[in-house]
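First up is the structure itself, then whatever we jot down about it.
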Amino acid sequence: MLGLAFSAGCTKDDTEFKDFLKDGENIYPGKVSVIVPQPGNLRVGLVWPVSPDPSIAKYVIYWNNKKDSMTVDGVGHAAGDSVRVVIPGLEEYTYSFVVQSMDAQGHKSVPFEINNVRVYGALYQSGLLNRPYNAGNPSSLSDEGDLTLNFNTPDTININTVVRYTNNAGVLAEKILLPKDSTITLPDYKAGTAVTYRSSYIPGKGALDVFQVTDFSTFPDYVYKDVACDKSLFRQVQLPNDVYADFGTSMAKLWDGSVGPQEYPDVFHSNGVTMPHHFTFDLGKSYRKLSFIEETGRQQAHNPVEFEVWGINDITNAATALASNDAGWAAESVAKGWTLLANVARTDDGKNLQRFNLMDNPPSVRYIRIRVKRVASGDSSYSNISEITLFNNQ
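If you read the sequence shown in my numbering, its first letter stands for residue 19, the second for the next number, and so on.
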């Protein structure tokens, strides 16, 4: 009965061990107990814990049905260390490796075999794709000209994505997008230039090598959009010779978000100053490329039908000494740094919302001055406006 129990419990390793003992009790070194593979580019790493057996002098690794082998020194490893071996010159293939430990007398341990160890190469690399971008919202551009790219979540084996772009100095710049990040900002991006990117991957945990996608991809061109300036930032500015809101109205009504022509007192109603007259307000921040203005008159009365739009980025020393109705006012304004952005002539009664283009390639602008030259009612002193909206091309 005892013999039967022993036979039923035999394993392959037991059988091999018996083979070692068939000519008598032999001394044999401790076998490797576990191997962790590290995939690489036409090479592989094998890692296993050092055996506590001090008699081990070397390890022999076999592959290709023992047609190929490598010997590794087994001396000098401290307890708790790991043996690390890199086998180069392999093909892109799935291998099996057999490792045996040996002592100084040539005694071999029971072999340890690890199967399905994959080695990677050009075929694997050819199948890699660059990290996908967010097709629904690929990018955005800040007022300062910084371009932000939006990417989708990458594969878990992604290491990074290299992004190349040209800055305003004409220099090729490079930034790294990590897999944990979904956006990357390119500072000082030169508008209209190409942005390219290439992703890198590892074939598995603990891999020896990083694989890059073969080619860079070109990121979709940024699509410029006309975006309404944030009216919550708008503020009245009172410079010399500016008209102001009178008769219980407020200049803030110009940017309160009202839709369509409004009635008194929900409008801007100027005080009485002979036209042309002007008023000034602060956009709250600088805009690089104001593109157009929308203007809505009052339900009735003194709607502007001829007016100018002026802009400047800093009002330090920008106040004009001359009244707006002085013949020298425009020249003085230019001398003070103001830029004429638009000269508007409406052909209707000035009541309904209309959009008017501003100049091409404007300078940066933070402060707006509206110079009213003529109103639909024919009055020479008063102007009424319901709403003003400015847009920035970004």
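The beta carbon of each residue, even a glycine, is placed where N, CA and C say it ideally should be.
Quick check: the Cα distance between Q123 and I45, rounded to an integer number of angstroms? 9 angstroms
Classify N386 as buried or exposed, calling it buried when 16 or more other Cβ atoms lie within 10 Å of its own Cβ. Before going further, note that residue 386 is Ile rather than Asn in the sequence given. That one is buried.
Do E110 and V452 have their beta-carbon atoms positioned less than 7 angstroms apart in this structure? Only positions 19 to 412 of the chain appear in the structure, and residue 452 is not among them; the question remains open.
Compare the Cα-Cα distances from D378 to each of R306, N170, G278, A212 and report the closest residue. R306
Residue interval of the beta strand (DSSP E) (run including Y207): Element bounds for Y207: n/a, residue is neither H nor E.
Where T89 and K198 are concerned, what is the direct C-alpha to C-alpha distance, given to the nearest angstrom? 41 angstroms
Which listed residue (S268, P381, N176) has its alpha carbon closest to that of K223: N176
List the endpoints of the continuous alpha helix (DSSP H) containing S144. 140 to 144
Note down the Cα distance separating I17 from D173, rounded to an integer number of angstroms. The requested residue 17 is not part of the displayed model; the chain covers only 19 to 412.
When the distance is taken between beta carbons, is T334 closer than 7 angstroms to S351? no
Cβ-Cβ separation, V255 to R216 (assumed contact under 8 angstroms), whole Å: Their Cβ separation, rounded to whole angstroms, is 49 angstroms, which puts R216 and V255 out of contact at 8 angstroms.
Assumed close pair N331, V383 - CB separation to whole angstroms, cut-off 8 angstroms: 6 angstroms
Chain-order list of residues whose beta-carbon lies under 6 angstroms from that of K249 (same chain, five-residue window excluded): W273
Do you know how far the Cα of V231 is from the Cα of W328? 51 angstroms
Which residues in the same chain have their Cβ closer than 7 angstroms to the Cβ of N185, if we skip the five residues on either side of it in sequence? A191, D206, Y207, K208
Does DSSP put L359 in a helix, in a strand, or in coil? strand
May I ask you to report which of helix, strand or coil DSSP gives E350? helix
Nearest residue (CA-CA) to D366, options G315, E326, F409, T357: G315
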